[in-house]
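See below for the structure under consideration.
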Amino acid sequence: MSAPAQSDQPRTAPRRTSSWGGLDLATRCIFISLIGAGAVVALYCLTRVPSLQLDGQLLLLGLMAIVTGSIAIKLPFLSARVSLDTVFVFALVIVGADEIAVLVSALAMVVGDLGGASRDKPWHTLPFNFATGVLSAFVAVLAAGLAVKLSPDLKVVSQVVALSVGYFAVNIAMVGIAMSRIRSVPLHKVLKKLVWTFPAFLGAGCIAAILCMTLAVAPTLGLLLTPLVVIIYAALQAHRSRIEEAKAHDEAIEELFFPTVSAIAAAIEARDAADGDHHSRVQTLSLALAQEVGLDDPIMVRAIRFGALLHDVGRIALPDSILLKKGPLTADERAQVELHPSLGADLIRHIPFQAPVAETIRHHHEQWDGGGYPDGLKGEAIPLTARIVAIAEAMDTMTSERTYARARLAGDALKEMVSCSATRFDPALVAALPKALESLGLLETEVGKNDSESALSAIKRGAQAQALSLNLGSELSHAKSFAEALEVVARVTKDVMQSDGWAIVEVSADGSCASCAQVGLDLVSENLADDPVEWAMSVGCDLTRMESGSWAGFLMSRCLQATASRRKSILQAITGPLAETCQRLGQVAQQERIANTDVLTGLSNRLALDRAFMEAKARADHLVVLLLDLDGFKGINDHFGHQAGDVALVDVGAALLQLERQLGFRAFRQGGDEFVVLSTHAKLAPSDLSERIQSHIERIELDLGGGEYLRVKTSIGIAAGDLHEATTEALVEKADHDMYEKKQARPDRLPRGSRPVTYRRAAAAQKPAGEAA
């Protein structure tokens, strides 16, 4: 049983499992117990098989279940998928072959697991999935039998419902437990994601009931048709998968080329005296016109999308003396201009767009009456994509400022287009042009000036951006934190781009994202875990990449006004000096982290502890102080070596770091085997916090080699008080005194320097000899 793409597969153990050695003791015990229970049930059913009368029908159902373990089917009206073997297992239960159903369910689960598993999957997932199949089917058999006894008049209905519920309940319970333990996710959250898959199990039960009724009415026909239907369905699924893969491949290629194509179009516009965004406007209008005339062929749409952006790529070959000439062209100059469509087509012909992009570019200057160039094509001999781009280009050209003509209003340009219908342009496309313009909100405006600026404005905008960059660089040189840097950006840009939200997001070496600072945005790291671009779009933010030296990240901004081109210009001016500042601040932060971190344990060190005390004192917080001291640590060093002592310190540090994130306190290594925990807003009372930490630490066991192990122990002193009444020194002294009393009161306390109590691995799950009950 599998869920949609964004969900996990609830039939089998999760793919991303940890190795057996990486599982904790409790998880191993759970796995061993479930696998053992599955093995016992499987052996029981195996001993019962020889007493059953096997016929062709049972063999067929069993064989179909085993071979279809890796085939998933999608039921009508359901978003979830169900593995095809589930249908045949349910059918075996309905016809009364209970033991065979249990064994076949297990084998089908294994086949499905092997069919889609990666080579490096941990070994324990295979027996676990085997046990999942056994126990799910076994409970389904018991539930179906009970339902028949309770409702004999509704035998089939009650049987289908009961076996579906039984199989589903055990299946998601086992998979949910596995996912919860391995991924450290609360069980209720995992089950919440899996419980919605029940309708697919129920659907499988209904199909199984129909199959059994068919076999009962026409056994021979059913035996012949069942494998045939499965083979046909598997072939169709394989064909559909290949089509989807091909489609995904084409889309990936399209997304791969689009940024490059956009950059090429921008490079063309950089040489042209036309105002910016001409190619993107032609693309937008071309796509709107294509939609208006009902052109929905993805290949043709792709040709328009890329062809419109690259329709003037051949102008790269034209000299500036022609491209920027304000007067009329000579005959020779006109001849050179008329070469640009064919040159452009030749330039991009070998790029695998998987669409007739080259043909669109080559023929976008052909005319309906045959008077165009380069090939003089006429009427419908001109590719449809080229006819569409030609109309969009002509419309945008007439409504934009050019070196040789002033911009026209959209209404006037549209009248000109209509007058040229049936001579230069396709009449049917021209007739659809008004609605395309209206859909874009351009009919009553100057098309070429929509969301863009004139060439003069572009120059002015560039000068303004340069001044902004210089001013911002000077202001940012004094910033001492990411928050200060962001405040400078918000202040300096408020007059040129009104924005109500800014954020700096750092991208670490492993690709994870984290917010460094934010103003006006409710940004948390969980939002950025999967796709910061998608999150930014969902809240209406621009996302601009920043890099400087070893620092990389994004600038997020939510603008209230300004056109897209103006925002882009301003953000580009900001990101240069801001990225350099972020690199500087990142280096400072890294140095501070190193200076305030204990090298051995990764916890904050004594320097950080002193600073934390000063900050708490300045705020007059209510402070909880826990002082931890490892019991028998000198004995560990003296009898097992300082390396064993270091391992103990590292394990304790890791345990405190884990609890630090969960419970909201700060942990420090004060020195030696002493640790300090400070809390101003912990989620637990001081005594409960102490017990939680002590319990967590005393689960640590040291591997001393030769099968000998040692349990780590600690004593924890507690002190709490308001800092406007008590000093931090007094709280530490009180916690130290409390810790000493608890250490002396431990019934398992050994003399200082004595050899600690150890145990063998066979007794790992038991308390060591001499340890307090």
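Be aware that the sequence shown starts at 861, since it is given in my numbering, and climbs by one per residue. In this text, a Cβ means the ideal position worked out from N, Cα and C, and glycines have one as well. Just so it is clear, the structure is predicted and the values come from calculations on it, not from any experiment.
query, result
"Rounded C-beta distance between Asp1402 and Leu1431? I'm assuming under 8 angstroms.", "6 angstroms"
"Would the stretch 1146-1164 and the stretch 1242-1252 be scored as touching if the rule is three or more Cβ pairs under 8 angstroms?", "yes"
"Spatial neighbours of Tyr1233 within its chain, please: C-beta separation below 6 angstroms, excluding the five flanking residues on both sides.", "Glu1198, His1225"
"Can you list, in chain order, the residues of its chain with a C-beta nearer than 7 angstroms to that of Arg1615? Leave out the 5 residues immediately preceding and following it.", "Gly1495, His1499"
"Arg1427: which of Val1025, Arg1194, Ala1177, Ser1359 sits nearest, CA to CA?", "Ser1359"
"Going by beta carbon distance, what residues of the same chain come within less than 7 angstroms of Gly1236, once the five residues before and after it are set aside?", "Gly1230"
"Can you give me the Cβ contacts of Ala1003 inside the same chain, cut-off strictly under 7 angstroms, excluding the 5 residues immediately before and after it?", "Ala1022, Leu1023, Val1025, Gly1026"
"Any C-beta of chain B sitting closer than 8 angstroms to the C-beta of Leu1062?", "Absent here is chain B; the protein component of the structure consists of one chain."
"With a Cβ-Cβ cutoff of 8 angstroms, do Ile1553 and Leu1519 count as a contact?", "yes"
"Met1034: which of Trp1056, Ile1070, Val994 sits nearest, CA to CA?", "Val994"
"Give me the DSSP bridge partner(s) of His1482.", "Asp1582"
"In angstroms, rounded to a whole number, what distance separates the CA positions of Cys905 and Glu959?", "5 angstroms"
"Report the three-state DSSP secondary structure of Gly1566 (helix, strand or coil).", "coil"
"Per DSSP, what are the beta-bridge partners of Ile1576 in this structure?", "Leu1488"
"To the nearest angstrom, report how far apart Gly1532 and Asp1563 are at their CA atoms.", "21 angstroms"
"Quick one: using the 10 Å Cβ neighbour count with 16 as the cut-off for buried, is Pro870 buried or exposed?", "The predicted model places Pro870 with a pLDDT of 49, which falls under 50 and marks its position as unreliable, so this point remains unresolved."
"Helix, strand or coil, according to DSSP, for Leu1149 in the structure here?", "helix"
"What residue from Asn1465, Val1349, Asp1470 has the CA that sits closest to Arg1418's CA?", "Val1349"
"Measure the C-alpha to C-alpha separation of His1597 and Ala1586 and round it to an integer number of angstroms.", "16 angstroms"
"If you follow the alpha helix (DSSP H) that Gln1554 is in, where does it begin and where does it stop?", "1546-1557"
"Quick one: what's Met1255 bridged to in DSSP?", "For Met1255, which the question treats as bridged, DSSP gives no partner whatsoever."
"Tell me Asp1402's beta-bridge partners as DSSP assigns them.", "Ser1417"
"Just to confirm my understanding: we take Met1258, look at its own chain, exclude 5 residues before and 5 after, and list those with CB closer than 7 angstroms. What are they?", "Arg1268, Ala1273, Glu1276"
"Who are the near neighbours of Asp1013 in its chain, counting only those whose CB is closer than 8 angstroms to its CB and skipping five residues on each side?", "none"
"Residues in its own chain within less than 6 angstroms of Gly1567 by CB, not counting five upstream and five downstream?", "Arg1620, Arg1621"
"So, using beta-carbon positions, are Gly1492 and Lys1573 closer together than 8 angstroms?", "yes"
"To the nearest angstrom, how far is it from the Cα of Gln1214 to the Cα of Val1365?", "37 angstroms"
"Can you give me the C-alpha to C-alpha distance between His826 and Ala1545, rounded to a whole angstrom?", "As shown, the chain starts at 861 and ends at 1633. That puts residue 826 outside it, with no answer to give."
"Nearest to Ala1163 by CA position, among Phe1525, Lys1052, His1223, is which residue?", "His1223"
"Using the three-state DSSP reduction, which class does Arg1615 fall into: helix, strand or coil?", "coil"
"In three-state DSSP terms, what is Gln1530?", "strand"
"Do you know whose CA, among Leu920, Val955, Ser1329, Leu1549, lies nearest Gly1065's CA?", "Val955"
"Is DSSP giving Ser943 helix, strand or coil here?", "strand"
"Mind reading off the beta-carbon distance from Leu1538 to Val1485? Whole number of angstroms is fine, and I expect it under 8 angstroms.", "6 angstroms"
"Who pairs with Ser1539 in a beta bridge, going by DSSP?", "Val1484"
"Is it the case that the Cβ atoms of Leu1516 and Ile1576 are separated by a distance below 8 angstroms?", "no"
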